[in-house]
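First the structure, in the form of structure tokens, and then the observations on it.
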Amino acid sequence: MEGLVARCILFVACCGAAVMGAYLEPDQSLGIPDGWTHIGRLAAFDDITLTFALKQQRVDKLKDLVNRVSDPDSPLYGKHLSLQELGAMIQPSSLTLSTVRKWLQMYGVEDCQTIQTMDFLQCTMPARTAEKLLPGSEFHRYVKGSQSVVRSPAPYQVSEELADHIDFVGGLHRFPLEKKVLSGAWKDHTKRGVGFHLGVTPSVIRERYNISASDIGSSPDNSQACAQFLEQYFHQADLAEFMQLFGRSFDHHDQVDKLVGHQGEGKAGLEASLDVEYIMSTGANISTWVFSNPGRHESQEPFLDWLLMLSNMSALPWVHSVSYGDDEDSLSVAYMERINVEFMKAGARGLTVLFASGDSGAGCWHEEKGTNVFRPSFPASSPYVTTVGGTSFKNPFLLTYEVTDYISGGGFSNIFPMPDYQVSAVKNYLKNIPKPPPQSYYNASGRAYPDIAALSDNYWIVSNRIPIPWVSGTSASCPVFGGVLALINDHRLQKGLAPLGFLNPAIYKLQANGSSSALFDVTEGCHLSCLDDKVEGQGFCASPSWDPVTGWGTPNFPELLRALLPK
Numbered sequence: 034m035e036g037l038v039a040r041c042i043l044f045v046a047c048c049g050a051a052v053m054g055a056y057l058e059p060d061q062s063l064g065i066p067d068g069w070t071h072i073g074r075l076a077a078f079d080d081i082t083l084t085f086a087l088k089q090q091r092v093d094k095l096k097d098l099v100n101r102v103s104d105p106d107s108p109l110y111g112k113h114l115s116l117q118e119l120g121a122m123i124q125p126s127s128l129t130l131s132t133v134r135k136w137l138q139m140y141g142v143e144d145c146q147t148i149q150t151m152d153f154l155q156c157t158m159p160a161r162t163a164e165k166l167l168p169g170s171e172f173h174r175y176v177k178g179s180q181s182v183v184r185s186p187a188p189y190q191v192s193e194e195l196a197d198h199i200d201f202v203g204g205l206h207r208f209p210l211e212k213k214v215l216s217g218a219w220k221d222h223t224k225r226g227v228g229f230h231l232g233v234t235p236s237v238i239r240e241r242y243n244i245s246a247s248d249i250g251s252s253p254d255n256s257q258a259c260a261q262f263l264e265q266y267f268h269q270a271d272l273a274e275f276m277q278l279f280g281r282s283f284d285h286h287d288q289v290d291k292l293v294g295h296q297g298e299g300k301a302g303l304e305a306s307l308d309v310e311y312i313m314s315t316g317a318n319i320s321t322w323v324f325s326n327p328g329r330h331e332s333q334e335p336f337l338d339w340l341l342m343l344s345n346m347s348a349l350p351w352v353h354s355v356s357y358g359d360d361e362d363s364l365s366v367a368y369m370e371r372i373n374v375e376f377m378k379a380g381a382r383g384l385t386v387l388f389a390s391g392d393s394g395a396g397c398w399h400e401e402k403g404t405n406v407f408r409p410s411f412p413a414s415s416p417y418v419t420t421v422g423g424t425s426f427k428n429p430f431l432l433t434y435e436v437t438d439y440i441s442g443g444g445f446s447n448i449f450p451m452p453d454y455q456v457s458a459v460k461n462y463l464k465n466i467p468k469p470p471p472q473s474y475y476n477a478s479g480r481a482y483p484d485i486a487a488l489s490d491n492y493w494i495v496s497n498r499i500p501i502p503w504v505s506g507t508s509a510s511c512p513v514f515g516g517v518l519a520l521i522n523d524h525r526l527q528k529g530l531a532p533l534g535f536l537n538p539a540i541y542k543l544q545a546n547g548s549s550s551a552l553f554d555v556t557e558g559c560h561l562s563c564l565d566d567k568v569e570g571q572g573f574c575a576s577p578s579w580d581p582v583t584g585w586g587t588p589n590f591p592e593l594l595r596a597l598l599p600k
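Following our numbering, the numbering of the sequence shown begins with 34 at its first residue and continues without gaps.
Structural data, given as structure tokens:
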């Protein structure tokens with residue numbers, strides 16, 4: 034009862050009666066990120082679009098199903114759901130649908146759209162109406178460069194009755210992130226040696242991971258995808274030039290097959306160019322989609338809109354590579370838990386969703402009283418995605434073995450408990466590392482990441498028709514591993530098998546006994562963290578088997594294919 038009272042207050046509804054109100058996201062950070070400038074409050078009749086995440090049914094059943102269809106030892110392995118079957122399982126109750134609709138209609142909100150699973154509702158309304166609908170909210174405009182967003186710097190409430198039917202409301206608080214890849218083109222790279230190369234290209238990727246020229250896609254049912262946000266565009270001309278320069282030794286596509294969303298006319302972005310060029314050169318000759326959300330509507334949350342696209346399309350690529358992330362502590366628990374369910378939905382449908390682990394190592398959060406803790410990233414910390422860390426060559430310009438890329442994101446979630454599939458691997462790591470960070474810096478019982486890794490250092494790309502060297506970040510390793518998995522799906526589909534789907538249970542079982550050669554184990558190097566006298570800038574270190582820097586390691590394609598392709 035005390036908890037209920039603590040999260041409720043009295044507010045006056047439109048009819049004037051005092052009712053109980055609830056904050057759906059009381060822990061959501063309301064700070065204005067660096068670089069954003071406040072312009073002023075929105076005019077009363079300026080339109081905004083809000084996204085209502087309606088409470089789903091049978092989430093526990095969905096969780097159990099995803100675990101079963103993703104476990105190679107389960108009789109349900111690979112028996113994925115169609116979008117229609119998924120919707121029938123989790124769509125909101127008729128009471129939830131009618132309650133939310135009546136509430137919106139009471140405020141004159143009629144311009145609404147839903148999706149096939151009926152668990153999201155997007156509605157457009159004047160700002161004045163939104164502020165009445167969600168007491169406490171105030172909509173203001175902020176700008177950063179050419180970007181403009183509308184957000185509320187104050188928390189919103191809904192009636193206690195509505196709190197039982199809505200998980201969160203999107204379009205109020207979270208500012209869009211500008212994900213940037215790292216470019217070292219300014220460095221003096223003069224080292225030479227046997228097997229010397231001038232940076233990572235598709236041929237280097239293929240040689241290191243034993244992907245031959247004949248390892249290309251051929252199944253008409255196969256496809257792969259990457260997502261781009263916030264005016265991050267790729268150019269078809271860049272892709273064609275990239276393949277002309279670096280793709281001569283293998284068959285490939287020169288164009289993206291399908292664009293979902295809106296592709297702008299602006300300059301190509303390094304991030305988008307990197308994603309498209311490396312998923313298409315690693316997963317060569319495979320149909321490729323790009324999900325593009327420029328975030329032009331000021332109240333849009335582009336990442337959330339991408340998830341809505343996935344929930345509203347019956348036919349989708351089997352592998353999705355996403356180079357996006359935010360700090361867990363900047364997001365509400367309600368938001369993260371609901372997004373986690375969206376990843377369960379993807380797994381139930383047979384989709385493999387990969388996220389880059391981030392480029393801040395273990396991260397660092399300065400708490401009160403001068404204490405520091407590591408700072409996990411989301412969605413990298415979701416237990417229902419496969420998170421990809423980063424490596425570099427021991428010698429940056431030789432085809433040597435790989436070591437940890439010091440920027441590779443990794444650690445332990447403060448929100449999600451450790452999933453069963455990784456308990457043994459993580460306990461083994463924590464038991465055997467010689468010099469672990471102090472336990473006060475991380476949650477040893479949380480979901481640990483990354484799961485796997487790939488090269489993330491010194492890539493060549495083509496952007497705006499210019500070849501650019503030494504681009505780095507886990508934004509590179511993620512699409513590379515995505516292309517590898519798309520090649521494996523190609524073989525599975527040709528044999529009449531289901532696509533890989535949610536990968537983690539299979540990968541952890543495959544590597545559990547330590548005898549698999551499907552992944553190159555990375556055992557050297559540490560990533561960065563807090564610059565204080567306790568950890569001195571060092572986070573976790575690589576070790577034999579799984580570790581929270583490079584996961585299980587990087588792909589050895591022929592062996593990984595053999596392991597994931599039953600005879």
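Heads up, the beta-carbon is just placed ideally off N, CA and C, and yes, glycines get one too.
- Between Ile440 and Ser393, the C-beta spacing is below 8 Å.
- Of the candidates Tyr482, Gly111, Leu154 and Phe208, Tyr482 places its Cα closest to the Cα of Cys574.
- Within the same chain, Cβ atoms closer than 8 Å to the Cβ of Leu341 are found at Thr84, Ile148, Phe153 and Gln155, the five residues on either side in sequence being excluded.
- Remark: three or more beta-carbon pairs, one from each stretch, lie closer than 8 Å, so the region 252-261 and the region 347-361 are flagged as touching.
- Ala545 and Ser578 have their alpha carbons spaced roughly 9 Å apart.
- About 6 Å separates the beta carbon of Leu307 from that of Ser508, a gap short enough to meet the 8 Å contact definition.
- Boundaries of the beta strand (DSSP E) harbouring Ser325: Thr321 to Asn326, taken from the DSSP string.
- Around the beta carbon of Thr82, a 10 Å sphere encloses 16 or more other beta carbons of the protein chains shown; the residue is thus reported as buried.
- Counting the other CB atoms within 10 Å of its CB gives Glu361 a total of 16 or more, which places it among the buried residues.
- Across the set Lys165, Ile238, Ser425 and Pro429, the C-alpha of Ser425 shows the shortest separation from the C-alpha of Ser489.
- With respect to Thr437, Val513 sits apart: the two C-beta atoms are not nearer than 8 Å.
- Taking the C-beta atoms as reference points, Phe535 is found no nearer than 8 Å to Tyr242.
- In the three-state DSSP reduction, Tyr368 falls in the helix class (H, G or I).
- A residue is called buried when at least 16 other Cβ atoms come within 10 angstroms of its Cβ; Asp197 does not meet this threshold and is exposed.
- Distance from the CA of Gly203 to the CA of Asn373, rounded to the nearest whole angstrom, comes to 15 Å.
- For Ala86, the uninterrupted beta strand (DSSP E) segment begins and ends at Asp80 to Leu87.
- Nearest to Gln90 by alpha-carbon distance, out of Ser103, His71, Phe388 and Ser126, is Ser126.
- Look at Tyr454 here: in three-state DSSP terms it is helix.
- For Asp284, the CB contacts under 6 Å within the same chain, skipping 5 residues up- and downstream, are Ile249 and Asn318 in chain order.
- Under the three-state reduction of DSSP output, Cys511 falls in the helix class.
- Listed as beta-bridge partners of Met158 by DSSP are Ile81.
- Three or more Cβ pairs drawn from the region 104-114 and the region 521-538 lie within less than 8 Å of each other, which places the two stretches in contact.
- Leu543 is positioned such that its CB atom lies no closer than 8 Å to that of Gly586.
- Residue burial is scored here from C-beta neighbours: Ser473 has fewer than 16 other C-beta atoms within 10 angstroms and is therefore classed as exposed.
- Residue Ser550 holds the alpha-carbon nearest to the alpha-carbon of Leu597 among Ser550, Ala270 and Arg74.
- By the Cβ-count criterion, Ile72 is exposed, with fewer than 16 other Cβ atoms from all chains shown falling within 10 Å of its own Cβ.
- DSSP places Asn405 within a strand segment (E or B) once states are collapsed to three.
- Leu292: member of the beta strand (DSSP E) spanning Lys291 to Gly294, first to last residue.
- Residue environment for His399: exposed (fewer than 16 other C-beta atoms within 10 angstroms of its C-beta).
- When secondary structure is reduced to three states using DSSP, Ala389 falls in the strand class.
- Rounded to the nearest whole angstrom, the C-alpha separation of Ser236 and Ser496 is 19 Å.
- Linking Thr583 to Gly391 through their CA atoms gives a straight-line distance of about 12 Å.
- Within a 10 Å sphere around the beta-carbon of Met451 sit 16 or more other beta-carbons, which makes this residue buried.
- If you look at Gln544, you'll find it in the alpha helix (DSSP H) that goes Asn537 to Gln544.
- Short of 6 Å from the beta carbon of Met369, and not among the five residues preceding or following it, lie these beta carbons of its own chain, in chain order: Phe411 and Ile448.
- Secondary structure at Gly422: strand, using DSSP grouped into helix, strand and coil.
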